[in-house]
Amino acid sequence: MPALAAVAREFDDVLVLVDAVTSLAGSPVEPDAWGLDFTFTGSQKALALPPGLALGVASPRMLERAKTLPDRGLYFDLVAFEEATRRFQPTNTPAISLLYALETQLGRVEREGGIEARWRRHDTMRQRVEAWSEERGLALLPAEGRRSWTVSCLKLREGQSAKAVVSGLQEEGWTIGSGYGALKDSTIRIGHMGDHTLGALEELLALLGGLLS
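Going left to right, the sequence shown walks through residues 130 to 342 as our numbering numbers them.
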């Protein structure tokens, strides 16, 4: 991402917008250091909160560009958002309970060693799933070096059904997802984000191993 952002910054009219919904708080995302113009996330993934909060970071360059647009609309008016932030006021009815939950969760992250410790835990879980899959000859998507730290996609062996695997785990009280589109019944997705732990992941993998054997 830093390399892509550096290339984009060679052009005055190009902005870098990043979807960090599943990555922020689960792997390194550094808008200032990487030169990102807008980074967007939600509360329901690696922050481990209920859905309902949309969080964003805009660069000065992004805000200056926004000011040149006469019709910014209501839901993506960064100028109005920035002005409201300076007044410590919301632009519409706030989800107060979720804001309190976010404050509590950020305090918990700090007590557990800070965001870097949270990143390390997510990376440890990612590496465990990769090692477990390789031991059993299961391929992972995408290629090494491009994989998410918060969710792993495993390709099942020929003749195995994602639907059957997902159902089998549900019977044991665990929830994972099948793939999407053409890969829906040939892949499974294991989420290891938010407040999930390596210990819980080991329990899931043990059950999954039994279903796939």
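Glycine residues also receive a C-beta, built at the ideal position from the N, C-alpha and C atoms.
Just so you know, these numbers come straight off a predicted model, no measurement behind them.
Segment limits, beta strand (DSSP E) that includes residue i
i: S281; result: 280-284
i: V186; result: 183-187
i: L176; result: Premise fails: L176 is in no beta strand (DSSP E) and is neither H nor E.
Cα-Cα separation between residue i and residue j, rounded to whole angstroms
i: A268; j: K284; result: 5 Å
i: S307; j: E273; result: 20 Å
i: L184; j: L270; result: 28 Å
i: R275; j: M130; result: 11 Å
i: K196; j: V145; result: 17 Å
Delimiting residues of the alpha helix (DSSP H) encompassing residue i
i: D252; result: 244-264
i: V295; result: 291-300
i: T233; result: 225-240
For residue i, three-class secondary structure by DSSP
i: I317; result: strand
i: D206; result: coil
i: D161; result: helix
i: S149; result: It should be pointed out that residue 149 corresponds to Ala in this sequence rather than to Ser. The answer is coil: DSSP assigns A149 none of H, G, I, E or B.
i: A268; result: strand
Whole-angstrom C-beta distance between residue j and residue i, which should lie under 8 Å
i: T220; j: A213; result: 5 Å
Proximity test, residue i beta-carbon vs the ligand GDP heavy atom, cut-off 6 Å
i: T214; result: Because no ligand of any kind appears in the structure shown, any question about the ligand GDP cannot be addressed here.
Give a yes or no on contact between the stretch 147-156 and the stretch 279-296, applying the rule of three or more CB pairs nearer than 8 Å. Counting Cβ pairs under 8 Å, three or more are found: they touch.
When the Cβ atoms of the stretch 172-181 are set against those of the stretch 319-339, are three or more pairs found closer than 8 Å? The stretch 172-181, when compared against the stretch 319-339, does touch it at the 8 Å Cβ threshold.
Can at least three beta-carbon pairs, one atom from the stretch 181-188 and one from the stretch 159-169, be found at a separation below 8 Å? Inter-segment contact for the stretch 181-188 and the stretch 159-169 is present: three or more beta-carbon pairs are separated by less than 8 Å.
Are three or more beta carbon pairs between the stretch 243-262 and the stretch 326-335 nearer than 8 Å? They touch, by the three-pair rule.
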